[in-house]
Structures are given as C-alpha cells and as structure tokens.
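A.B. asks:
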Amino acid sequence: MKMDRLVAIVMLLLERRRVSAKSLAEMFEVSLRTIYRDLETINRAGVPIVSSPGNGGGFSLMEGYAVERKIFTDRDIAALLMGLGSIAAMSGPEGTYARAKIMSLLPEDRAREVALKSSQVVIDPTPWMGRDRTGPLLERIRTAMDEGRLVAFRYSDRKGLESERRVEPHRLVLKEGRWYLHGFCLEREDFRLFKLARMAGLQILEAAFEFREVPRSHSGFSDAMTRRETRITLRVQEALRDRLLDYCGPEDIRDCGGGRWLASFPFIADDFGYALLLSLGPGCECLAPPDVREEMRRRTGEMARTYGA
1 MKMDRLVAIV MLLLERRRVS AKSLAEMFEV SLRTIYRDLE TINRAGVPIV SSPGNGGGFS
61 LMEGYAVERK IFTDRDIAAL LMGLGSIAAM SGPEGTYARA KIMSLLPEDR AREVALKSSQ
121 VVIDPTPWMG RDRTGPLLER IRTAMDEGRL VAFRYSDRKG LESERRVEPH RLVLKEGRWY
181 LHGFCLERED FRLFKLARMA GLQILEAAFE FREVPRSHSG FSDAMTRRET RITLRVQEAL
241 RDRLLDYCGP EDIRDCGGGR WLASFPFIAD DFGYALLLSL GPGCECLAPP DVREEMRRRT
301 GEMARTYGA
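Using this note's numbering, the first residue of the sequence shown is number 1, and each one after it goes up by one.
#1: Note the first and the last residue of the continuous alpha helix (DSSP H) segment covering Lys117.
#2: Identify which residue in Ile9, Leu172, Glu26 has its Cα closest to the Cα of Glu40.
#3: Using the C-alpha atoms, what's the distance from Ala304 back to Glu285?
#4: Within a Cβ cutoff of 7 Å, which residues of the same chain sit near Ile232, ignoring the five residues on either side of it in sequence?
#5: Is Glu206 buried or exposed, if buried means 16 or more other CB atoms sit within 10 Å of its CB?
#6: Just mark Val236 as buried or exposed, buried being the case when its beta carbon has 16 or more other beta carbons within 10 Å.
#7: Looking at the unbroken beta strand (DSSP E) that takes in Glu168, where does it start and where does it end?
#8: Does the Cβ-Cβ distance between Glu164 and Ser156 come in under 8 Å?
#9: For Gly273, count neighbouring Cβ atoms within 10 angstroms of its own Cβ and tell me buried if that reaches 16, exposed if not.
#10: Can you check DSSP and say which residues form a bridge with Pro48?
#11: Specify the secondary structure class of Leu314 as computed by DSSP and reduced to three states.
#12: Cα separation between Gly183 and Pro215?
#13: Name the residue from Ile42, Met62, Arg44 whose alpha carbon lies nearest to the alpha carbon of Ser51.
#14: Please report the distance separating the alpha-carbon of Thr143 from that of Glu238.
#15: Rounded to the nearest angstrom, what separates Gly281 and Trp179 at their Cα positions?
#16: How far does the beta strand (DSSP E) with Leu181 in it extend, from its first residue to its last?
#17: Leu181 and Leu172 - do their beta-carbons sit closer together than 8 Å?
#18: If you compare alpha carbons, which of Leu137, Gly257, Leu6 is closest to Phe28?
#19: Rank Glu210, Phe153, Arg140, Arg75 by C-alpha distance to the C-alpha of Leu116 and give the top, closest one.
#20: Going along the chain, which unbroken runs of the beta strand (DSSP E) with 3 or more residues stay wholly within the stretch 207-293?
#21: Taking all protein chains shown into account, do 16 or more other C-beta atoms lie within 10 angstroms of the C-beta of Ser31, making it buried, or fewer, making it exposed?
#22: Rounded to whole angstroms, what's the CA-CA distance from Leu276 to Glu108? Just pull it up for me.
#23: Starting from the Cα of Ile204, find the closest Cα among Leu12, Arg188, Arg166 and give me that residue.
#24: With distances taken from CA atoms, which of Gly177, Arg198, Arg243, His170 is nearest Cys185?
#25: Quick check on Ser118: buried or exposed, where buried means 16 or more other Cβ atoms within 10 Å of its Cβ?
#26: Going by Cα to Cα distance, which pick from Met296, Arg149, Ile253, Arg254 is closest to Asp271?
#27: By a C-beta neighbour count over all protein chains shown, 10 Å radius and 16 as the cutoff for buried, is Thr230 buried or exposed?
#28: Sort Met11, Ile35, Glu168 by Cα distance to Ala21 and report the nearest one.
#29: The alpha helix (DSSP H) spanning Asp146 covers which residue range?
#30: Is it buried or exposed for Leu14, if we count other Cβ within 10 angstroms and need 16 for buried?
#31: What do you reckon, are the CB atoms on Phe209 and Glu176 nearer than 8 Å?
#32: Does Arg18 come out as helix, strand or coil in the three-state DSSP assignment?
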C-alpha cells in the first residue's frame, strides 16, 4: 500500500544519511517515477527532503530536521508492532527490545489503543505439527549476515540429490509460509534460492564476504511458476471446498448438486502439483484435461500396488 511505503521511506531516510532513488525503487519493487512521486508527497506533508546530485548523491532529510512523534499515527505504529511480532521467531530479543522502544515513544493515553490494534493481526509461521527446524537456522543465518561471513551446508534438491554448498547469505525470504535463503552460491557462481527445510549441517565459516547488489530472483521465480500454471477442472465433495479456497477464489468454485462442487483449479504439472491433488484424497476427481486425469490414474495405481491392493 502507498501509505505503508511512504512511512517506510521516511524511516529509511531517518536511519541513513542518503539513499538513491534507484535503490528505493528496487527495495520497494516500484518504478522510479513512483518513487519520485512518493518523495514529492512526503515533501508536501512537511518532511523536508533534499537531493544531492552527482556520484554518491541521492535523497536525504534536511540536516538538523527531527521528525515529531505525531507524524506516525496510531495505525502506523500498530503496523510496525505487528511486523515485529510476526518475525518474533527469528528476531529473538532484538524484536522485544525494538517493540519496547517503539512503545516508549507513546504517551500513556495512546499506548493502550496502539497495543490493542497491534494484537488484532497475528502472523505465526511455525507449523501446527512436527518439530520446527527453521528457528535455529534463521538465527544462525542472521548471525552470518550481520557478521558478513559465508555459510556452508548440505543441500538436497527436489530430486533428492545432495550437494555441498558455500553461500554468501544476502537475504531471507518468507514465501507461502516457507523460509528461503537468497544468496550467492560459490559453487554455481550465481545467486540461488535455497529452501531452509532442505538444508542440513549449516555452519558459519570464518571467511568473510562483501555484500553484492542482490537481484530480485525470488520474484522472477514466482513469475516463472505463473507462466507454467494451467487450469484444470476438479469435482470435489463438499468437505473439500474449504481447502480449495486456499488456492482459488469463490468465483472459481460452483455448486453442481449432490453435495459436489466443480472447481477451476490452478495447477503446475510437476511432482509437487500431483502430490497436492493426491493429498485431497478420494473426495477429489480430476475431470479435465485428459493428460492430467490419466497421470492421476497412473499415480494412484502405483500407490495401490505399494499397499498391496
């Protein structure tokens, strides 16, 4: 949202002496024109921004300017607190300290209302079942990033093939409830996205590295997945309708009578996609296209033979 971006830009300018428009555009994944409009909006709101031309130039707050506490509304501060709460699992005591500092900026008559607003949304990335392995990994990777040191680990790809990796850790990415490390792999000599759940034996090495300009490859990965996506037609029992809403909207699901529903379902024809369909159980039938239906018949036949049917 634009307001969230404006607040974030002001906070960045408070934290840093100077930031280029190009860096801001890449950070917020918007165009340069949008950033220039945002800076003009902030200026009109009474926050004086000055530009410095030439090499090493950029935008900064006017020297000696201090932001009044009232520039942040209760809603803005509540959003900051919600963000801190959502990453509590990886921020450790730092998140608690930062939350306390923000609350200390508020007078008593506002603190209660802000605390109430900040508790209205809870983001919990931990699993319902099983052991959470990501917490310790996140903490170690963050330590490596803070210290600018390489990490090494064994990595298992989607086919189960293991390899030894040494990586410059540049960024942590949370996507669909799963954590990824976006880093420069020394073995592949390029940036790669590593799923934390596939890592083993992660170590922080003594060797240091210099931070590089990080491409937005995780966005590119999403774009590539979208290009591979097709629509298939499923017929499901009433009990599965709620699960389908995690992947498609209500407009993609219609009642076809008899306690069954027809769904236009987004699908990628790989092992993950077929595993997802199989996880829906016997209450789901793929009607079209024929090749997906036939592949489901083959896979369910293999499962039946595995269990001796």
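Note that CB positions come from ideal geometry on N, CA and C, so glycine has one too.
C.D. replies: On the basis of the data shown:
#1: 108-118
#2: Ile9
#3: 17 Å
#4: Phe265, Phe267, Cys286, Ala288, Pro289, Val292
#5: exposed
#6: buried
#7: 162-175
#8: no
#9: buried
#10: Pro48 pairs with nothing; no bridge assigned.
#11: Because the chain spans 1 through 309 in this model, residue 314 falls outside it and cannot be assessed.
#12: 10 Å
#13: Met62
#14: 47 Å
#15: 27 Å
#16: 178-185
#17: yes
#18: Leu6
#19: Arg75
#20: 230-237, 253-257, 260-267, 284-288
#21: exposed
#22: 50 Å
#23: Arg166
#24: His170
#25: buried
#26: Met296
#27: exposed
#28: Ile35
#29: 134-147
#30: exposed
#31: no
#32: coil
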